[in-house]
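Going left to right, the sequence shown walks through residues -21 to -1, 1 to 265 as mature numbering (1 follows the signal peptide of the UniProt record, and there is no 0) numbers them.
Cβ coordinates follow ideal geometry from the N, Cα and C atoms, glycine included.
Data block below; observations after.
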Amino acid sequence: MGRRGLLKAALLLCFLAACSGRELTIKQNPSTTIYNSTLAKILVEYASAIYTADLTQLFTWTCARCGDLIEGFEMIEIIVDVENCLQAYFGFASDINAVVVVFRGTQENSIQNWIEDLLWKQLDLDYPGMPEAMVHRGFYSAYHNTTLRDGVVSGIQRTRKAYGDIPIMITGHSMGGAMASFCALDLVVNYGLDGVNLMTFGQPRIGNAAFASYFKTYLPQAIRVTHAHDIVPHLPPYFSFFPQKTYHHFPREVWTHNIGLGTLVYPVEKICDDSGEDPTCCSKWK
């Protein structure tokens, strides 16, 4: 999902939230329900804002996408890893009373090569401390072996010291979703933090079935939002006849798409099963 796809997803989520009439009920803890459409509508705006080219506008929260639903966000720090072309930011969102951490996805000018590489990328790294769990080395390293990890972890600790033991909401789009997922797991497994919540948009697969099972155990309320026929969630490929030797999504997917014919088209959001590879959701279009 490129940035245009992210914008389409944002518009669809806005429409769905408006139609649902649901109130935002996450003031105390964003993980109290399986899926909150209004929260998704907010987080996709945060995930979109990180693509702002002008870092001054991003830091001062004056960018084109820094208003409306996410107006009033208190930016604390932008973390830029120049060597690896990676970026994240975090701050305090008073409307949902949470630390919000956002990872940037692949830049649009390099996404085609990135997709082609993922088509053939093999599982090539054992996840530490999880027997039989294997992951994508590139995504793992983009978070664990760069300046992002230390910056995000120390930033969360500082923010919680200032605002109290508030929930942590982690998000990202495309490759940013992959890094967000490793970050969320890291905070729970290696730092023992509670109140960690994850919602990503159009993220690729990051590990095998054993890893997905571990992930589900530690982050049972994690949400992956997929949109229509977006190709990225299908990468790297999943082969059902080799379940332990291939990539496998962790649950739970929420598939947003349109149904209908001609001018009678309606947006739909489907909460998929807890397998991670629900054949009636995004996977049906692989």
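Residue environment for H115: buried (at least 16 other C-beta atoms within 10 angstroms of its C-beta).
Of the other Cβ atoms in all chains shown, fewer than 16 fall within 10 Å of the Cβ of H208; this residue is therefore exposed. Of Q86, I210, F38, the smallest CA-CA separation from F71 is found for F38.
Scanning the region 47 to 113 for uninterrupted alpha helix (DSSP H) segments of 4 residues or longer gives 90 to 97, listed from N- to C-terminal end.
By DSSP's assignment, L243 forms a beta bridge with L240. For R203, the enclosing beta strand (DSSP E) stretches over residues 202 to 206. In the DSSP assignment, H152 falls outside any alpha helix (DSSP H) and lies within the beta strand (DSSP E) extending over 147 to 152. Considering only H206, F190, C251, the residue with the shortest C-alpha distance to P110 is F190. Counting the other CB atoms within 10 Å of its CB gives A32 a total below 16, which places it among the exposed residues. In this structure, the beta-carbon distance from L22 to T150 falls below 7 Å.
According to DSSP, I250 shares a beta bridge with V233. By the beta-carbon neighbour count (other beta carbons within 10 angstroms, threshold 16), L243 is exposed.
Short of 8 Å from the beta carbon of G108, and not among the five residues preceding or following it, lie these beta carbons of its own chain, in chain order: V168.
By the neighbour-count criterion, in which 16 or more other beta carbons inside 10 Å mark a residue as buried, L127 falls on the buried side.
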